[in-house]
Amino acid sequence: MVDTDTPRPEHRGMHDTKTPQGANLGQIRHDWSLAEVEALFALPFLDLVFHAQRIHRAHFEPNTVQMSTLLSIKTGACPEDCAYCPQSVRYDTGLERDALMEVAAVRECALRAKAAGATRFCMGAAYRSPKAKDLAVIAEMIREVRAAGLETCATLGMVTPAQAEQLKTAGLDFYNHNLDTSPEFYGEIITTRTYQDRLDTLEAVRDAGLKVCCGGIVGMGESVTDRAKLLLTLANLPEHPESVPINQLVQVPGTPLNGAAPVEPFDFVRAIAVARILMPRAHVRLSAGRETMSDETQALCFLAGANSIFYGERLLTTGNPDVQRDQKLFARLGLKAETRPEQAAAAPAATDRAHVHETRPATA
Ligand code: SF4
101 MVDTDTPRPE HRGMHDTKTP QGANLGQIRH DWSLAEVEAL FALPFLDLVF HAQRIHRAHF
161 EPNTVQMSTL LSIKTGACPE DCAYCPQSVR YDTGLERDAL MEVAAVRECA LRAKAAGATR
221 FCMGAAYRSP KAKDLAVIAE MIREVRAAGL ETCATLGMVT PAQAEQLKTA GLDFYNHNLD
281 TSPEFYGEII TTRTYQDRLD TLEAVRDAGL KVCCGGIVGM GESVTDRAKL LLTLANLPEH
341 PESVPINQLV QVPGTPLNGA APVEPFDFVR AIAVARILMP RAHVRLSAGR ETMSDETQAL
401 CFLAGANSIF YGERLLTTGN PDVQRDQKLF ARLGLKAETR PEQAAAAPAA TDRAHVHETR
461 PATA
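In the working numbering, the protein residues as written are 101 to 464.
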C-alpha cells in the first residue's frame, strides 16, 4: 500500500523558507545582516531562484512586466567622473552633447512611448545637480508627460529637499538616483560625490513624498560581497525603493571601465534573485545590459523576480533591445505588460498571504 501522507524525498523542503541563518524569507524587513545576504548569494542556484520566484508570486501578478521608457533630455558634458559613464566630460567617448530638450519634443517622445506600450516615462539629464532655470523647464516636461497619461520618473543627479519638493509639486511620481555599488567599492568608481551625498538625495526625495527608484550596476569589478552590501544598503533603508534597477555594465570605449571582466550570466541572475528576496514589493528592473544578454538569460532574470524593463531602442546613451525583439521574447515566454502597476503591487496573492509580514527596525 502506498503511504500518501509521507512526502516523497524529492518534495521534502518544498516549503522550507529558511536560509542557512534561519531568516524567514518573504518578510518585509529592514534589518538584514551582511551574513544573511551573503548566505543568499551562496545558496544553490536553483534554490535561490525558487525562493525568489515564490516570493515574487506572493506580491505580484506572475508573468507580468512593467515597461518604462527612458529618454535622455540633456546629454553629455557632465562634470562627475562615474567610471562607467560616457556622459562624463572627463572621458573621450565621442558622445555628442545635447542641450536640454524642448518641452514639446519631450511630449512627442512620451506619446510615442505610450503608444508602444510603456506605462512609465523616465527623463534623464546628465547633471551633477540641476540648475534652477533647467528645473523649471523640467517641471513643465513632467506636467506634459503626466497629462499624456504616463507615470513620470526623472534622474537629474543630486537634488536638495527644496528641489525634490519642486519636482513633487510638478507631479513627478518617481525619482531615480542609484547607489551603484557597495559603500566600500564606491570610491573606485566615483570620486566627485560621496556615498553619503547619494543617501542624502534619496532622503530628500523620500521626504518630499516621491517614490524612489534606486539600484546599482553589476560587472564593474566588484566582489560578491560588494553586491551583497549594495543590496543590503537598499533593503535596510527606512523604506524599500519602489523600483530597484539592476544594471549590467555596458562597456563603452573611452570610459575607465571599458575592458572590465564581463559578469557571468548566472551571477547576474543571482543579484536579481537576491534583490527580489530582500525587497519583495519592489519592482526589480532588468535594466541596462539587456542588449547583449541572451533571451535565455533574460528569461532566467524574469524567473528570479525581475518584473520591469526599459523598453525602447535607446537607454540614455547606450543601446537597448529593439521593441520587436522584446515583443517576440514576451510572446515566446507568455509575458504581458503590466498596465496597473500600483494595484499589482498593492495586494499580495491569496495563495501566499501567510508569507507577507512587516518587520521594521526600531529606528524606522
Ligand atoms: S552617471 Fe550621471 S552623474 Fe555620473 S557621469 Fe554619468 S551623467 Fe554624470
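Glycine is no exception: its CB is placed at the ideal position from the N, C-alpha and C atoms.
A quick note: this is a predicted structure, and the numbers were derived from the prediction, not measured.
Check                                                                                                                                                               : Outcome
Would you say the beta carbon of G257 comes nearer than 7 Å to a heavy atom of the ligand SF4?                                                                      : yes
Name the residue from D192, G224 and M241 whose alpha carbon lies nearest to the alpha carbon of F205.                                                              : Correcting the residue type first, residue 205 is Ala in the shown sequence and not Phe. Of the candidates D192, G224 and M241, the one whose C-alpha sits nearest the C-alpha of A205 is M241.
What is the DSSP secondary structure of L171, counted as helix, strand or coil?                                                                                     : strand
Taking 5 Å as the limit, name every residue whose beta carbon sits nearer than that to some heavy atom of the ligand SAH, in sequence order.                        : Inclusion of the ligand SAH in the displayed structure is not the case, the ligand content consisting of the ligand SF4 alone.
Does D307 pass the burial test, meaning 16 or more other C-beta atoms within 10 Å, or should it be called exposed?                                                  : exposed
Are I290 and E180 close, meaning C-beta to C-beta below 8 Å?                                                                                                        : yes
In the DSSP output, which residue or residues are listed as bridge partners for I242?                                                                               : According to DSSP, I242 bridges with nothing at all.
Note down, in chain order, each residue of its chain lying with its Cβ closer than 8 Å to the Cβ of D297, except the 5 sequence neighbours on either side.          : M258
If you drop the 5 nearest sequence neighbours on each side, which residues of the same chain put their C-beta closer than 7 Å to that of R243?                      : A270 and G271
Can you look up R220 in the DSSP assignment and give me helix, strand or coil?                                                                                      : strand
Taking only runs that begin and end inside the region 378-408, name each unbroken beta strand (DSSP E) of 3 or more residues, in chain order.                       : 383-386
Give the C-beta separation of F410 and L170 to the nearest angstrom, bearing in mind that I take them to be a contact with Cβ-Cβ under 8 Å.                         : 5 Å
For I377, I'd like the list of residues in its chain whose CB is within less than 7 Å of its CB, leaving aside the five on either flank, ordered along the chain.   : L125, L140, H151, A152 and I155
With DSSP run on the structure shown, which of helix, strand or coil describes E364?                                                                                : coil
With a threshold of 7 Å on Cβ separation, who are the neighbours of V189 within its own chain once the five nearest residues in sequence on each side are excluded? : A177, C178 and P179
In whole angstroms, what is the alpha-carbon distance linking S73 and D192?                                                                                         : Limits of the chain in this structure are 101 at one end and 464 at the other, which puts residue 73 out of reach.
Less than 6 Å between C-beta atoms, sequence neighbours within five positions excluded: which residues of the same chain meet that for T164?                        : K436 and E438
Which term fits R197, buried or exposed, when burial requires 16 or more other beta carbons within 10 angstroms of its beta carbon?                                 : exposed
Using alpha carbons as the reference points, say which of D234, Y286, E202 and V369 lies closest to D147.                                                           : V369
Which value, in whole angstroms, describes the spacing of the CA atoms of P345 and C209?                                                                            : 22 Å
Taking its Cβ as the centre, do 16 or more other Cβ atoms sit within 10 Å of T292, making it buried, or is it exposed?                                              : exposed
Should P186 be labelled buried (16 or more other beta-carbon atoms within 10 Å of its own) or exposed?                                                              : buried
According to DSSP, simplified to helix, strand and coil, what is E251?                                                                                              : strand
Can you tell me whether P341 is buried or exposed, with buried defined as 16 or more other CB within 10 angstroms of its CB?                                        : buried
Using DSSP with H/G/I as helix, E/B as strand and the rest coil, what is Y191?                                                                                      : coil
Could you check where the beta strand (DSSP E) with G287 kicks off and where it finishes?                                                                           : Careful: G287 lies outside any beta strand (DSSP E), inside the alpha helix (DSSP H) at P283 to I289.
Compute the Euclidean distance between the alpha carbons of K428 and G434, then round it to the nearest angstrom.                                                   : 10 Å
State the DSSP-derived secondary structure class of K231, mapped to helix, strand or coil.                                                                          : coil
For G321 and Y286, what's the separation of their Cα atoms in angstroms?                                                                                            : 11 Å
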